[in-house]
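These notes are about the structure you will find just below.
In structure tokens:
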């Protein structure tokens with residue numbers, strides 16, 4: 018169930034955010050998940066923070082709000098909503114998975130989380146009559162699919178859970194600090210996307226909040 022919170026809800030919300038907004042917008046909103054990790058960890062895990070941490074959480078929400086005001090061509094309020102939902106649910110997923118990574122280790126947690134989520138995905142696809150085996154995917158397409166499955170999902174989550182086991186939920190989530198910068202650079206170069214002043218300002222405030 019916890020695995021589905023990430024793979025089904027969060028990842029689907031991410032794809033919808035990309036569909037209804039720009040890639041850089043979706044990446045920046047999802048990268049704000051450490052704000053939600055800190056918030057949920059203080060309630061669920063009873064983690065205590067210094068004052069500057071709570072100031073950082075507040076700044077983070079302000080940054081998201083300002084970033085949302087900077088809509089450019091290709092953005093929509095629906096896409097922004099799904100981006101925030103993806104960040105919120107992934108933040109909750111990270112906090113809930115913390116005790117399992119400490120008890121069972123990152124490899125087992127990653128394997129079972131992915132396996133259970135796969136069954137849920139298949140059940141949903143069958144229920145909505147969307148299940149189909151791809152027959153018109155070329156070689157490059159299969160390479161991309163394999164990369165997404167092995168590297169983006171397998172290796173990325175394994176190393177993330179290992180970091181969470183060692184550093185804790187809040188500290189390990191800060192690696193997402195790099196995501197909006199990297200994604201925005203790629204979006205500018207590969208997709209020709211643009212940035213507004215509000216987006217730049219909001220992104221900077223979010224990054225500052227994560228550094229506190």
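Residue numbers (the working numbering): 18 to 229. Beta carbons are placed, not taken as given, at the ideal position from N, Cα and C, and that holds for glycine.
Roughly how many angstroms separate the alpha carbons of residue 49 and residue 223, rounded to a whole number? Cα to Cα, the separation comes out at about 7 Å.
When you compare the stretch 63–80 with the stretch 124–134, are there three or more beta-carbon pairs, one atom per stretch, that lie closer than 8 Å? Because the criterion of three Cβ pairs below 8 Å is not met, the stretch 63–80 and the stretch 124–134 do not touch.
Which of helix, strand or coil does DSSP assign to residue 63? Three-state DSSP puts residue 63 in coil, outside helix and strand.
For residue 211, the three-state DSSP class (helix, strand or coil): When secondary structure is reduced to three states using DSSP, residue 211 falls in the coil class, being assigned neither helix nor strand.
Is the separation between the beta-carbon of residue 113 and that of residue 22 shorter than 9 Å? Yes, they are a contact pair.
What is the residue span of the alpha helix (DSSP H) that residue 33 lies within? From DSSP, the alpha helix (DSSP H) with residue 33 extends over 28–37.
Taking the alpha carbon of residue 226 as the reference point, which residue from 116, 31 and 52 has its own alpha carbon closest? It is 52 whose Cα lies nearest to the Cα of residue 226.
Residue burial classification, residue 36 (beta-carbon count within 10 angstroms, cutoff 16): By the neighbour-count rule (16 or more Cβ atoms within 10 Å), residue 36 is not buried but exposed.
If you follow the alpha helix (DSSP H) that residue 160 is part of, which residue opens it and which one closes it? Residue 160: member of the alpha helix (DSSP H) spanning 156–164, first to last residue.
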